[in-house]
Each structure stands twice: as C-alpha cells, then as structure tokens.
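Okay, so here's the structure we're looking at.
Numbering (the working numbering), first residue to last: 4 to 71.
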C-alpha cells in the first residue's frame, strides 16, 4: 500500500487516530489510514480505515494534499 502510494505520486504522512500513531495515505485523491495495534511489543493487528465519512474527522498535516 505504501509503495503503491509513492509510485502513483500520492502522499504519506504520520497522523494520530484515537490517540494512537497511524499513517495517512492519499492515492489518486482517496484517503486511507493504516494503524498498527501493538501488544507486548509485537504487532497484534493491522487496521485500515477507508470509510470517507469517518475520515472527515481526521486532522491532516498541512503539507498533505486534501483528498478529493
């Protein structure tokens, strides 16, 4: 997902989701967020947030282009 974002001229930036670190990725105008759940120092789950209605509440860094 990250490599595809870079190859298509998209953008990636660190963000915070529910108080936890995550990555915001914009590819072809579509916003997606990847977040890791860590338990005992190990990745336990990987979450991908793609619902545009829920992602409208996300505060994006100023240097990240706005989704279309």
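Heads up, the beta-carbon is just placed ideally off N, CA and C, and yes, glycines get one too. Computed from a predicted model, the values in this text were never measured in an experiment.
Exercise for the section: Could you name the residues that DSSP lists as bridge partners for residue 39? Expected result: Taking the chain shown and counting its residues from 1, the one referred to as residue 39 is at position 36. According to DSSP, residue 39 shares a beta bridge with 49.
Exercise for the section: Verify whether the separation of the beta carbon atoms of residue 27 and residue 18 is less than 8 Å. Expected result: Working through the chain shown from its first residue, we reach residue 27 at position 24. Working through the chain shown from its first residue, we reach residue 18 at position 15. If you check the CB distance, residue 27 and residue 18 come in under 8 Å.
Practice task
Please determine, among 21, 20, 32 and 24, the residue with the shortest C-alpha to C-alpha distance to residue 8.
Solution key: Here residue 8 corresponds to residue number 5 of the chain shown, with the count starting at 1. Nearest option by C-alpha distance: 32.
Problem - Spatial neighbours of residue 37 in its chain, beta-carbon cut-off 6 Å, leaving aside the 5 residues before and after - result: For the purposes of this step, residue 37 is taken as the residue at position 34 of the chain shown. Cβ neighbours of residue 37 beyond the five flanking positions: 26 and 51.
Problem - Cβ pair residue 16, residue 67 closer than 8 Å - result: The sequence position of residue 16 within the chain shown is 13, counting from 1. The sequence position of residue 67 within the chain shown is 64, counting from 1. In this structure, residue 16 places its C-beta atom within 8 Å of the C-beta atom of residue 67.
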